[in-house]
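What follows is a set of notes on a single structure, which appears directly below.
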């Protein structure tokens, strides 16, 4: 019988949504077009257009009319919603609803794949703009039910796979319909990310900067293709060009990647809608400057379980802050007038969406803005004016609620999609809220029933003692369980004229009668006022938003350091009892008895002033260092992945380091382009980059590039020998030479970022820093460079430089080396600690570098070793970490020494800078103090106090019944040349 009823129901539903031109073979064909009139409701036509006591008229799944004076047709079914509200159903602008997550193929035991599998498409399998979401879609009734219960009526879904992911589709969550009606738009947007496709094993790209370079090259190639210049058919580029007028939605996932995505968009005139990560508040001014609309996940972190103090010590301050600060993210974007939509994306449980949006409102998000973020803004992103509102002609996707949609006490009764009703909570549940006197077996209790509809709950007390109890009210029946000690009593009953009564059964099975007599209303106002007073405390954001971050960004000051010993790094000159005036970011004066009434005066007596240390070879402050997917990655740049939040920046300035060259690693013979930055702790990534920076690129020789230390499976990529490395260089430079000639000829050419970079080397516009060890390879690269009429700028590591110092001098190359590293791998066996001194004595410009996050903060001590190994003077040794690296980086006219007119990159030391006992007391960059040893002590105290405050807040969260997570230690990945 049940099967027959189900079949009849299915046929009714199918018929009601069957296409009108389909033939009927099951009976007489009829057309049922229902008309509904919802009257006396508070109707939110849009978030800002609200009609009191209005009428919503719906026909054929769309809004026919809305207003106060709507003419209701005779055939309409009138539904009186007096005291209730109607809202547009929510729109989720970023979803994977109904599309299965692709499974990653196992790479275990397989050699790397360098070429694409897909034939007739782009050369890289991770570029997939041709993917059509509708071909992967299958309506998920279970997930639809969850989303409907959360208030969503429409979702924008796609296949989340690849760097370019193809188009998405707009779907109404109508479980009673078919895809022919549910799918509103088969091309609702074009989707991108920085993540590779799990369907392909193709190696490139292996890094964030590689993904960015690939996107740039793809856009260039799409333009070349669109202009009819390509000789082949490329289905991926065709699809990309066809989708360019769609909304471009980029899943970035955190504030740094938001800015990186926007950077690519700006380069190609594309304004992405960016799917953020919830930490946009950390750099809100930068986020605003993107001019992007954001889609914000609200998967707020759970509090950490900090009840064990030893485990709590593992949690970083930045993670603690994230728990506290993330709920304020939507409010902060709104305050800064940054448009955004909210999404269920990243939530493990859709039920958490309602709770989290209420939490965001508690943290300051305006309710009208919240409604816009769920209706009109996602509709605008998707360029669809028929969803997210209840204007005439829009889809009849709407919610019926008991009141304010964002009030925790409000009940969502129904979610209508395309004019079809989806019951979330029965609307006809009686309101039994109030205070009652409960009598059971001669015992009297007080009972307070609160909530609305199906959410009505009760708190039961005996005198002032709260009784352990459960309460439910459904289908006009009340069910109560009481537990006192080891005794249970079960109550069932019904409402009878403001009185609840029924049967009670104790734990011995004895029956009796019980009653609950209504006495008064709940004093809601008093309770609400108390709740309103509990505004969550949000700790302040710092720059960067980690421990030791600055409350405000350091500003240029006028500073006068008096009576110091000044190591100028200018021809080994030392000035005793000397004053240095810093003004407008420059070294303004050097002398004695200087004065300036506006200056902050610092007593330098018995202290030393030097230029800031420069690390020619560093890998800190970067989100990636190696793009290992090809044997040449000249198209990538470290400037794309500068990470201003790296704590190693702060650690370096505590050691007097002011500038570094962040080099690409040594994964390939031709690596990526460098980023030369000043360690302005608290600035954003762009603010750290040198203005008009000299152009550098990393090359590499030796074991790493021929993959001899990568494992037995890594024998596919060319080159696999040292002589093969030479051939790679000759081949690429010859191609670059031919490319440059074609470009200069004025004939059409396909712009190639990789060859553009290599042509800059040939044209002496870009300098090479080359990772090197063995003398034979050092000679080889100098000869290759001379063959193409340019010079190598710097050999870094260069641990066999002492063997070929005469040839290096003749070629005109500098050496940036370690002080005393040797024998840490086979090709370093011949290294000696006198290497730097021998090269120096041959007249080579020699620098000491770190290639290590720990060593870089002690480069003053590394330089001191040259006094021991090779007998350099103190000033000659000090030059290897100041003026010499500045010369190697072509920055010696701007920094690297104490000279009037140069950038005020200055360090005040407590004693001789080469002493292991000396400390950097102040590190000044461009005239602003970025490190002060006294402020450092204050920061340590502040960190301790803030941790204690956040731990107490988390303990209270747990005591209130909030969800918690186990403590986790954040482990930072430190990069070196060979880091993957």
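Residue numbers (the numbering used here): 45 to 1024. Cβ coordinates follow ideal geometry from the N, Cα and C atoms, glycine included. Remember, it's a predicted structure, so these values are computed and weren't measured experimentally.
{"Query": "Residue range of the beta strand (DSSP E) that includes residue 792", "Result": "Per DSSP, residue 792 belongs to no beta strand (DSSP E) and is neither H nor E."}
{"Query": "Simplified DSSP assignment, three categories, for residue 467", "Result": "strand"}
{"Query": "Residue 307 to residue 467 span [Cα, whole Å]", "Result": "46 Å"}
{"Query": "Those residues which DSSP pairs with residue 859 across a bridge", "Result": "839, 890"}
{"Query": "CA nearest to the CA of residue 115, picked from 127, 124, 99, 781", "Result": "99"}
{"Query": "C-alpha distance - residue 767 paired with residue 235, whole-angstrom precision", "Result": "43 Å"}
{"Query": "Test item: CB-CB of residue 102 and residue 463 under 9 Å", "Result": "yes"}
{"Query": "Residue(s) in a DSSP beta bridge with residue 115", "Result": "Residue 115 pairs with nothing; no bridge assigned."}
{"Query": "Whether residue 881 touches residue 903 by CB criterion (9 Å)", "Result": "no"}
{"Query": "Sufficient close CB pairs (3 or more, under 8 Å) joining the stretch 687-703 to the stretch 551-563", "Result": "no"}
{"Query": "Residues of its chain near residue 218, where Cβ-Cβ distance is below 6 Å and the 5 sequence neighbours each way are ignored", "Result": "226, 461, 462, 464"}
{"Query": "Exposed unless 16 or more other CB atoms sit within 10 angstroms - verdict on residue 472", "Result": "exposed"}
{"Query": "Residue 645 beta carbon less than 9 Å from that of residue 604", "Result": "yes"}
{"Query": "Residue interval of the alpha helix (DSSP H) (run including residue 145)", "Result": "Unbroken run through residue 145: none, as it is neither H nor E."}
{"Query": "Extent of the continuous alpha helix (DSSP H) run through residue 309", "Result": "299-311"}
{"Query": "Bridge-paired residues (DSSP) for residue 813", "Result": "742, 838"}
{"Query": "Sequence-distant residues of the same chain with beta carbon closer than 7 Å to residue 849, five excluded per side", "Result": "882, 883, 886, 888"}
{"Query": "Sequence-distant residues of the same chain with beta carbon closer than 8 Å to residue 1011, five excluded per side", "Result": "348, 349, 350, 352, 355, 356, 358, 359"}
{"Query": "Whole-number beta carbon distance between residue 601 and residue 971, since they are thought to touch under 8 Å", "Result": "6 Å"}
{"Query": "Exposure of residue 246, with buried meaning 16 or more beta-carbon neighbours within 10 Å", "Result": "buried"}
{"Query": "C-alpha distance - residue 1017 paired with residue 915, whole-angstrom precision", "Result": "37 Å"}
{"Query": "Short Cβ contact (9 Å threshold) for residue 478 with residue 492", "Result": "yes"}
{"Query": "Helix, strand or coil at residue 918 [DSSP, three-state]", "Result": "helix"}
{"Query": "DSSP-derived helix/strand/coil call for residue 367", "Result": "helix"}
{"Query": "Where the alpha helix (DSSP H) through residue 254 begins and ends", "Result": "252-270"}
{"Query": "Within 9 Å, strictly: CB atoms of residue 205 and residue 172", "Result": "yes"}
{"Query": "In DSSP terms, what residue 652 is bridged to", "Result": "609, 953"}
{"Query": "Beta-bridge pairing of residue 717 - partner residues as DSSP gives them", "Result": "681, 741"}
{"Query": "Which residues DSSP lists as bridging residue 341, in chain order", "Result": "387"}
{"Query": "Integer-rounded CB distance, given that residue 197 should sit under 8 Å from residue 459", "Result": "6 Å"}
{"Query": "Proximity of residue 299 and residue 330 at Cβ, strictly below 9 Å", "Result": "yes"}
{"Query": "Nearest-angstrom Cα separation, counted from residue 439 out to residue 112", "Result": "20 Å"}
{"Query": "The stretch 165-182 in contact with the stretch 364-371 per 3-pair CB rule at 8 Å", "Result": "no"}
{"Query": "Beta-bridge pairing of residue 442 - partner residues as DSSP gives them", "Result": "132, 460"}
{"Query": "Span separating the alpha-carbon of residue 231 from that of residue 823", "Result": "57 Å"}
{"Query": "Inter-residue Cα distance where the pair is residue 258 and residue 264", "Result": "10 Å"}
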